Amino acid sequence: MDADGVNSVCAVRKSKEEKKVIRKQLKVSHTLLKHEGIDTGTKPTKSLVVANGGLGNNVSREALLAALKEMGEVESLLMPPHKPYAFVTYRCEDSAQKAHTHLNGQKLQSGENGVTLYLSYVDSVTYKEKASAPLPEGLLLVEDFVSPEEEVLLLAAVDWSTTHDEATAQKTLKHRRVKHYGFEFRYDNNNVDKDKPLPAGLPKECLPVLERCLVKGHISFMPDQLTVNQYESGQGIPPHVDTHSAFEDTILSLSLGAKTVMEFRHPDSRIVAMVLPARSLLVMKGESRYLWTHGITPRKFDMVPACEPHSAAHVTPDLDTHSSLTLSKRGTRTSFTFRKIRHEPCRCAFPSACDSQGARSPSPPSLPSIPSCHAAAARLEEEYVHRVYDAIASHFSRTRHSPWPCVCQFLTSLPPGSVVADIGCGNGKYLGVNPQLVTVGCDRSSSLIQICAERGFHAFVSDALSIPLRTASCDACISIAVIHHFSTQDRRLEAVKELVRLLKPGGRALIYVWAFEQEHNKQKSKYLKDQNKAPGGAHSPTNNSSVERQKPQKEQSGHTHSHLGHHSNPTDNMQNAGEGKLSVHTNRTAFNAQDLLVPWHLKGGKIQGQEESSCRLSSTTDPNPGFNSSMSFGPKPDTHSPGNKPSPSGETSQGSGCTLKSESVNSSIPVFHRYYHVFQQGELEQLCGQVAGVKVQTSYHDQGNWCVVLEKD
């Protein structure tokens, strides 16, 4: 081939690449308009929207800004929280045109994450920051409360060299290392043994800091209990309220070594995120100490304001109100939490959350633990997911009769003839939504698959972590209310990877998981609304009514089948589990833990495989204790006919074939407990972001669920 021929081939190849970028760019523009309301154009302007260049894609401000600045002087860069896009405005239109020409289709490396950028012109940047939420009452953050020299002394005072230290009750928990001084905090009952002080009092290095707190008025008494927690990158602590009866009002928390983001949650679902810089002191009094939960989400990167540490924005009460955010890699953080032991009952102004004033005391140690390894997770899921759904399949199916609109919209948007797999198909209600598709379903429950077969659907029993379908055989996959049943982060990640494996290049996957936040954009999900009454003023015939509070029973004969054969017992509040223990959720209420057991009341039906008159299951030994599989099914979000309440993840009202029973009859209804991990905002996107070869096309909140659409490269 002569030189002219070679040049001609190169030109053709380049033209094909350009056409591919243009096609991708148009597709992205359509997605932005459809899901975000962002109208793009072809006429050059000074402002552009940068798709895939957002915090939701784990792209840092620094990495994106460096690439954008190479094209010209940047006037502003706006990165909305949790979104997979950003807005850039250049000082002049020529710079914007240069960026549009040279950055479109280019790969940007941000830390360990690589993304392909697609830029489109916008007439103006219309993003509006949310109004800032006020700090919880009684909450105060003091930056630089200790000097760098004091920080070194305090960290050196804690000896982590021993694996077990009786003097300081040292422990290695699932998410962190911990030491107690003065008194041990018992995670099995969330309280303190006040008659058994520890041999080790508070380290002498802490005294100058505490004396300064007295002088500054942060405390009015000297603390006598210290808990030291050490968090590695990626570790955290579940949302919790320090037990009222254990400690006096004021709690001090000193952050050393590295900064982190702590989230405060009100029972009405309000969330306030606060950056805790290294060497800062957090003071919790009154409402912030007694009513709001506080916790740290396990992750390796935090969204933080892109400003210097001493600016006012650094201590913003609500990070979601900021557009000038960036990503901060977590380091090793050590917290010193100082408290004063309480010797009299608590008489705070928050009786609904106070164990001294009648609120529910911590759960008994018979509740299952949050698993820390693959084998323990498989056992938990077998008992609290697989067996439960096989037992309630018939009743469960009767409450799952109408597909959700957004899932239907996804399925109807696919081209005719597309091959679609429903991973965790339940009773198959999504398999017949679009008859122009070639659909197949799978589920871990053989009882639910039998229902699919009776309805004429193609479905088979399968584990969601190992699906017997060829790689790259599907144009699309859906996973609706499935992944939240996996009990460890690694297993949830493997479930996403398996979905991606099935997709062809360019294929899409829709994932729904139950959300921790049942209130979003000031709108409560229907799971929380109109809890007690149905149209006409009668009690709604829900299978999980708010008037039916489940009290877990103690184990019988040493077996752990607490999800079978129990009967409902009305109570008033959710049970708070101890450290490492799962809590039992009170249906139709806001969540205050991410890992929990959700009751299912078997109304109007029978346990699968038993007669109607025999509603009880005795506690038996595990027929296959070594069974080490996973689930691929879960409760499906429903849209119901008038008179039936939808619920995001299984807490729906009965269908018309179910009868409403009296309270006296309800007391003998079997109650089953299903394991869930409810996802916090941004957690699903972060999970999917760890999977290579796929990008988050869009994400949204739908009736108490976090949802993403993934696209395979």
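Sequential numbering of the sequence shown, starting at 13, is according to the working numbering.
We put the CB at the ideal spot given by N, CA and C, even for glycine.
All figures in this text were calculated on a predicted structure; none of them were measured in a lab.
Coil, strand or helix - H192 by DSSP: Within the sequence shown, numbered from 1, the residue matching residue 192 stands at position 180. Note: H192 maps to strand in three-state DSSP.
Element boundaries [beta strand (DSSP E), containing L722]: Here the question's residue 722 lines up with position 710 in the sequence shown. Element bounds for L722: 717-724.
Collapsed DSSP secondary structure at F197 in the structure displayed: Along the sequence shown, one-based indexing puts residue 197 at 185. It is a strand residue.
Cβ distance (whole Å) where L608 is taken to contact Y688 below 8 Å: Indexing the sequence shown from 1 puts residue 608 at position 596. Indexing the sequence shown from 1 puts residue 688 at position 676. Between Y688 and L608 the Cβ distance is about 6 Å, and since that is below 8 Å, they are a contact.
Spatial distance of Q692 from E529 (CA atoms): Here residue 692 is taken as the residue at index 680 of the sequence shown, counted from 1. Here residue 529 is taken as the residue at index 517 of the sequence shown, counted from 1. CA-CA distance, Q692 to E529, rounds to 7 Å.
Start and end residues, beta strand (DSSP E) containing S265: Position 253 of the sequence shown, counted from the start, is the residue given in the question as residue 265. That run of the beta strand (DSSP E) goes 263-268.
Pairwise C-alpha distance: W304 and C366: Walking along the sequence shown from the start, residue 366 turns up at place 354. Walking along the sequence shown from the start, residue 304 turns up at place 292. As the crow flies, the alpha-carbon of C366 is around 12 Å from that of W304.
Sufficient close CB pairs (3 or more, under 8 Å) joining the region 61-79 to the region 335-348: Result yes; three or more Cβ-Cβ pairs closer than 8 Å.
Runs of beta strand (DSSP E) lying entirely within the region 213-275, each at least 3 residues, in chain order: Those beta strand (DSSP E) runs which fall completely within the region 213-275 and span 3+ residues are 237-243, 249-252, 263-268.
Residues bridged to Q121 (per DSSP): Position 109 of the sequence shown holds residue 121. Checking the DSSP bridge columns, you'll see Q121 partnered with G126.
Continuous alpha helix (DSSP H) stretch holding G521: start and end: As a first step, residue 521 must be located in the sequence shown, where it is residue number 509. Here residue 521 is Ala; the residue named in the question, Gly, does not match the sequence. Membership of A521 in any alpha helix (DSSP H) is not indicated; the residue belongs instead to the beta strand (DSSP E) covering 515-526.
L206 classed as buried or exposed, judged by whether at least 16 other C-beta atoms fall within 10 angstroms: What you label residue 206 is simply residue 194 of the sequence shown in a count that begins at 1. The question names Leu, but residue 206 is Lys in the sequence shown. Looking at its Cβ environment, which holds fewer than 16 other Cβ atoms inside 10 Å, K206 is exposed.
Buried versus exposed call for F276 [16 or more other C-beta atoms within 10 Å across all chains shown]: Along the sequence shown, one-based indexing puts residue 276 at 264. Around the CB of F276, 16 or more other CB atoms lie within 10 Å, so the residue is classed as buried.
Bridge-paired residues (DSSP) for L60: Here residue 60 refers to the residue found at position 48 of the sequence shown. According to DSSP, which records beta bridges pairwise, L60 is partnered with V100, Y133.
D434, buried or exposed, once every other Cβ within 10 Å from all chains shown has been counted against 16: If you number the sequence shown from 1, residue 434 lands on position 422. That one is buried.
T464 - DSSP class collapsed to helix/strand/coil: Your numbering for residue 464 matches position 452 in the sequence shown. The sequence shown places Cys at residue 464, rather than the Thr named in the question. C464: helix per DSSP, three-state reduction.
L131, buried or exposed, once every other Cβ within 10 Å from all chains shown has been counted against 16: As a position in the sequence shown, residue 131 is number 119, starting the count at 1. Around the C-beta of L131, 16 or more other C-beta atoms lie within 10 Å, and the residue is accordingly described as buried.
Contact set for T57: own chain, Cβ-Cβ below 7 Å, skip 5 residues either direction: If you number the sequence shown from 1, residue 57 lands on position 45. Exclusion of the five residues before and after T57 leaves E105, A108, Y133, V134, D135 as the residues of its chain whose Cβ lies within less than 7 Å of its Cβ.
Assigned secondary structure, T43 (DSSP; H/G/I helix, E/B strand, else coil): Working through the sequence shown from its first residue, we reach residue 43 at position 31. If DSSP states are grouped into helix, strand and coil, T43 belongs with the helices.
The region 382-390 in contact with the region 405-421 per 3-pair CB rule at 8 Å: Contact between the region 382-390 and the region 405-421 is not established, with fewer than three Cβ pairs separated by less than 8 Å.
Buried versus exposed, by CB contacts within 10 Å (16 or more), A179: Translated into the one-based positions of the sequence shown, residue 179 becomes position 167. A179 comes out exposed.
Contiguous alpha helix (DSSP H) assignments of at least 4 residues, all confined to the region 335-363: Correct list: empty.
Reduced DSSP category for H306 - H, G, I as helix; E, B as strand; rest coil: Taking the first residue of the sequence shown as 1, we reach residue 306 at position 294. In the structure shown, H306 sits in a strand (DSSP, three-state: E or B).
Local conformation of N69 per DSSP, three classes: Against the sequence shown, residue 69 aligns to sequence position 57. Helix.
Range of the contiguous alpha helix (DSSP H) that encloses I404: Within the sequence shown, numbered from 1, the residue matching residue 404 stands at position 392. Where I404 is concerned, the enclosing alpha helix (DSSP H) stretches over 399-410.
Helix, strand or coil at S459 according to DSSP, with G and I counted as helix: Along the sequence shown, one-based indexing puts residue 459 at 447. Correct three-state label for S459: helix.
Backbone secondary structure at A388 - three-state DSSP: Along the sequence shown, read from residue 1 onward, the residue named residue 388 stands at position 376. The three-state reading of DSSP puts A388 in helix, counting H, G and I together.
Segment contact flag, the region 39-48 with the region 115-123, C-beta cutoff 8 Å, min 3 pairs: With the cut-off at 8 Å, the region 39-48 and the region 115-123 do not touch.
Classification of H497 by the beta-carbon crowding that lies within 10 angstroms, buried from 16 upward: Sequence index remark: in the sequence shown, residue 497 carries index 485 (1-based). Looking at its Cβ environment, which holds 16 or more other Cβ atoms inside 10 Å, H497 is buried.
Straight-line gap, L80 to V86 (C-alpha atoms, nearest Å): What you label residue 80 is simply residue 68 of the sequence shown in a count that begins at 1. What you label residue 86 is simply residue 74 of the sequence shown in a count that begins at 1. About 7 Å.
Bounding residues of the beta strand (DSSP E) (the contiguous stretch that carries A488): In the sequence shown, the residue the question calls residue 488 occupies position 476. According to the DSSP assignment, A488 belongs to the beta strand (DSSP E) that extends over 486-492.
Inter-residue spacing [alpha-carbon to alpha-carbon] between H685 and S381: Mapped onto the sequence shown, residue 685 falls at position 673. Mapped onto the sequence shown, residue 381 falls at position 369. Cα to Cα, H685 sits roughly 14 Å from S381.
Given 8 Å, three or more beta-carbon pairs between the region 440-451 and the region 412-428: With the cut-off at 8 Å, the region 440-451 and the region 412-428 touch.
Alpha-carbon to alpha-carbon, N64 and E223: By 1-based counting over the sequence shown, the position of residue 223 is 211. By 1-based counting over the sequence shown, the position of residue 64 is 52. When rounded, the distance between both Cα atoms is 50 Å.
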